[in-house]
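*Asks:*
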Amino acid sequence: MDKTLITGLILAGGRGSRMGNVDKGLQPFRGKPMARHAIERLLPQVGSVMVNANRNLERWLELAAPVWADETPGFAGPLAGLEAGLIHCATPWLLAVPCDSPFLPLDLAERLAAAVEEHDADLAFAVTREAGMRPQPHPVFCLVKASRLPVLSQYLREGGRRMDGWYKELKAVEVPFEDADAFRNINTLDELHDLDLTRPPSLAQVVGCLSSYDPEALPVRDAQRIIREFVQPIRAVEKVALRAALGRVLAHDVISPIDVPSHDNSAMDGFALRGSDLRSDAPVTLRVIGTTFAGNAAAVVPAPGECVRIMTGGVMPEGCDSVVPQEFVSQDGDMVTLPAGVIRPGDNRRFAGEDLKAGSPALKAGRVVRPPDLGMLASLGIPEVAVQRRLRVAFFSTGDELRSVGEPLGEGCVYDSNRYTIYGMLQRLGCDIIDMGVVRDDPQALEEALRSACENADAIITSGGVSVGAADYTKQIMARLGDVTFWKIGMRPGRPLAFGRINSNGRSAFLFGLPGNPVAVMVSFYFFAREALLRLNGAEAPLPLLRARSGGAIRKKPGRTEYQRGILARGSDGAPEVRITGSQGSGILRSMSEANCMVVLHDEQGNVAAGDMVDIIPFEGLF
Ligand code: AMP
Ligand code: MG
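All residue numbers for the sequence shown refer to numbering that gives the first Met the number 0, where the first residue is 0 and numbers rise by one.
(1) Between Leu111 and Glu117, what straight-line distance do the alpha-carbon atoms span, to the nearest angstrom?
(2) Cα separation between Phe527 and Ala519?
(3) Thinking Arg534 and Val230 are a contact (beta carbons under 8 Å), I'd like their distance in whole angstroms, please.
(4) For the beta strand (DSSP E) containing Thr473, name the first residue and the last one.
(5) Determine the burial state of Ala608: buried for a count of at least 16 other Cβ atoms within 10 Å of its Cβ, exposed for fewer.
(6) Take Arg388 and list the residues in its own chain whose beta-carbon comes closer than 6 Å to its own, dropping the five residues that flank it on each side.
(7) Are Val307 and Asn264 touching if we call contact CB-CB under 8 Å?
(8) Using a Cβ-based criterion (distance less than 7 Å to any ligand heavy atom), does Thr397 qualify as near the ligand MG?
(9) For Glu157, count the other beta carbons within 10 Å of its own beta carbon; 16 or more makes it buried, fewer makes it exposed. Which is it?
(10) Asp276 and Pro303: beta carbons closer than 8 Å?
(11) Based on DSSP bridge pairs, tell me the residues matched to Gly512.
(12) In terms of residues, what are the limits of the beta strand (DSSP E) holding Val299?
(13) Would the stretch 169 to 179 count as touching the stretch 210 to 225 if we require 3 or more Cβ pairs under 8 Å?
(14) What whole-angstrom Cβ distance do Pro360 and Asp258 have, given they're in contact under 8 Å?
(15) For the ligand MG, any of its heavy atoms closer than 7 Å to the Cβ of Asp614?
(16) Counting along the chain, where does the beta strand (DSSP E) carrying Ile579 start and finish?
(17) Between Gly454 and the rest of its own chain, which residues show a CB-CB distance below 7 Å, the 5 nearest in sequence each way excluded?
(18) Candidates Arg29, Leu249 and Ser585: which alpha carbon is nearest Asn516's?
(19) Are there three or more Cβ pairs, one per stretch, closer than 8 Å when the stretch 269 to 287 is compared with the stretch 404 to 418?
(20) Could you check whether Asp602 and Arg559 sit closer than 8 Å to each other, using their CB atoms as the reference points?
(21) Within this structure, are the beta carbons of Leu241 and Ala377 separated by less than 8 Å?
(22) With a cut-off of 8 Å on the beta carbons, I'd call Thr291 and Pro316 a contact; round off their distance for me.
(23) Lys635 by DSSP, collapsed to three states: which one?
(24) According to DSSP, is Pro200 part of a helix, a strand, or is it coil?
(25) Do you know how far the Cα of His36 is from the Cα of Ala79?
(26) Go ahead and pull the three-state DSSP assignment for Glu647.
(27) Any idea what DSSP makes of Asp280, helix, strand or coil?
(28) Return yes when the C-beta of Ser466 is under 7 Å from any heavy atom of the ligand AMP, and no when it is not.
(29) With distances taken from CA atoms, which of Gly605, Met591 and Gly610 is nearest Glu619?
(30) Shorter than 7 Å, the distance from the beta carbon of Asp441 to the closest heavy atom of the ligand AMP, or not?
(31) For Val367, I'd like the list of residues in its chain whose CB is within less than 6 Å of its CB, leaving aside the five on either flank, ordered along the chain.
(32) Whose C-beta lies closer than 6 Å to the C-beta of Ala120 among residues of the same chain, with five residues either side of it excluded?
(33) Can you give me the start and stop residues for the beta strand (DSSP E) that Tyr562 sits inside?
(34) By how many angstroms is the C-alpha of Gly398 removed from the C-alpha of Tyr419?
(35) State yes or no: is the C-beta of Leu544 within less than 8 Å of the C-beta of Asp614?
(36) Which residues does DSSP pair with Leu249 in a beta bridge?
And the structure:
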């Protein structure tokens, strides 16, 4: 059956009573709303996906569109959701799955469709049979002929609520599936929590969500997606004093305990007055009855025809709603005169809570704290904040030809530069680093280094030894120690990459085996490891992709992503213009050093002509 004949339906309309009446599918699970997992697994199997939900419709719309509420009132269960789906289904078949089935089979549609075709049935649903157990039907996982809607509506009108109750009127077939775990649904918050901690996804599971996967020719985007899915944040929180939070990741939302500013106040040095005293057609003269400095509460209350001298930040006196800047008035004794129309009522007044309202989130969890954030936290009177503990990252270089700085350079040897580059990049990310030096191309030395790194760090970065030419045992050992995959990525520089998680003595760590070439190391670090390390630490900080005009022509082959080193400057017309640094060889570190940005030429892109716009990522951020 052609998949475009099937509409997928996520059943999310329940009360979630076993979860304490929360909207189940929206609960976070492995880094995203639980239903998102089901949606992502269903999407490649069907023409389109819709959702049945009865609450939080806006949030559901962010996950998938369209979203339909029950037609039969009173939370009549999954059948009412199925009914809503069938009413709005524009294809001959509807495939329903519950929103809390993050492991649903990737061949669900295919197998149910084969069964209805074979038996000329109205409906097919899944059953599993575990050894020694009775068959377990999963009627909520069903493929239904859309034209059977009247049968279902009739059953609901008669008060029927059982998911499989209305099958009696239909030709329904059972389809056996082997993997009972794939139909596992998550009913309680505890279950959700346990699963989240004890069953991190395997690479195979993550990769299974991609519609096509070829480790030998993996697009950059897919590699990034797999890494993002596989890497789950480590939750470890510590409290630090305000200043020490700079560069750290906020562990919780920071809720403002106060209104900022706490009072209506003046934005100018001048005179606070009643807007109703202003005239647009004639000058106004007012009596000055007192002065308010910043930090003093306003003691005086001007009557009509009166005003108060006020400094910037001074609390607005009662009854006043406008401030005339002092340079606009002429003063004579205790009288001031302002010309017609210099200000309008309400001018130059800041409102209480204009910056932040008490109870509203001032900063969100996951934010990397920057200088203005420190200031903002201080403005809220917050002396310490909860941050993620620093991520511990161990790294080493591999290669018999490598010499460390300080050693004599023998025939055919090179100094180990990657360790220094990696040191710098990790330091800038705010990691705690463990420098393990150079490890020889020797199986035992490599295994020892990997195990020790794994037992002492959250993540491991290695360089060298993952390309085709290198001694095979680097890969063998990495693979033997855990769930590691070896990719050839459609990119330049930096094709080979090892990625996964290894285990040793009950500890585990994420592994990035970067290529050996010095530029390839940096590029792979920035485009694969960086985001993963931030994510492990609970932070979201995507690299900002900007556009600039290319100053010259650039040769580029479609079908792979190229990262070229560029120098961004103002062009002759003042607009940003980027030029590629001389040689782009993957071993030429000088090209990185001279560059101030990376030019990103995406997969589809071909040759660039002078004057074309290209994507760039600047090396230095403002903060
Ligand atoms: P490999 O992937 O181990 O075959 O290394 C590829 C190239 O990168 C070789 O020319 C290595 O000498 C070079 N290389 C590997 N590791 C380093 C390092 N730590 N510092 C400088 N060059 C390296
Ligand atoms: Mg090597």
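C-beta atoms are modelled at their ideal positions from N, C-alpha and C, and glycine is treated no differently.
*Replies:* This is what the structure gives:
(1) 10 Å
(2) 11 Å
(3) 5 Å
(4) Looking at the DSSP string, Thr473 is not in any beta strand (DSSP E); the run it does join, the alpha helix (DSSP H), is Tyr472 to Arg479.
(5) exposed
(6) Ala235 and Glu237
(7) In this structure, Val307 keeps its C-beta atom at 8 Å or more from the C-beta atom of Asn264.
(8) yes
(9) Classification of Glu157: exposed, given that the 10 Å Cβ count is below 16.
(10) A contact, by the Cβ cut-off of 8 Å.
(11) Thr461 and Ala497
(12) Unbroken run through Val299: none, as it is neither H nor E.
(13) No, the stretch 169 to 179 does not touch the stretch 210 to 225.
(14) Wrong, their Cβ atoms sit about 14 Å apart, outside the cutoff.
(15) no
(16) Unbroken beta strand (DSSP E) run through Ile579: Pro575 to Ile579.
(17) Here residue 454 turns out to be Glu, not Gly, going by the sequence shown. The residues are Ser503, Asn504 and Arg506.
(18) It is Ser585 whose Cα lies nearest to the Cα of Asn516.
(19) no
(20) In contact: Arg559 and Asp602 (Cβ atoms closer than 8 Å).
(21) yes
(22) 6 Å
(23) Nothing can be reported for residue 635, as the shown portion of the chain is limited to 0 through 622.
(24) coil
(25) 23 Å
(26) This structure does not reach residue 647, given that the chain is present from 0 up to 622, and the question cannot be answered.
(27) In the structure shown, Asp280 sits in coil (DSSP, three-state: anything other than H, G, I, E or B).
(28) yes
(29) Met591
(30) With a threshold of 7 Å, the Cβ atom of Asp441 does not count as near the ligand AMP, since no heavy atom of the ligand is closer than that.
(31) Val248, Ala538 and Ala540
(32) Lys170 and Val172
(33) Looking at the DSSP string, the run of the beta strand (DSSP E) that includes Tyr562 is Thr560 to Arg569.
(34) 15 Å
(35) yes
(36) Val386
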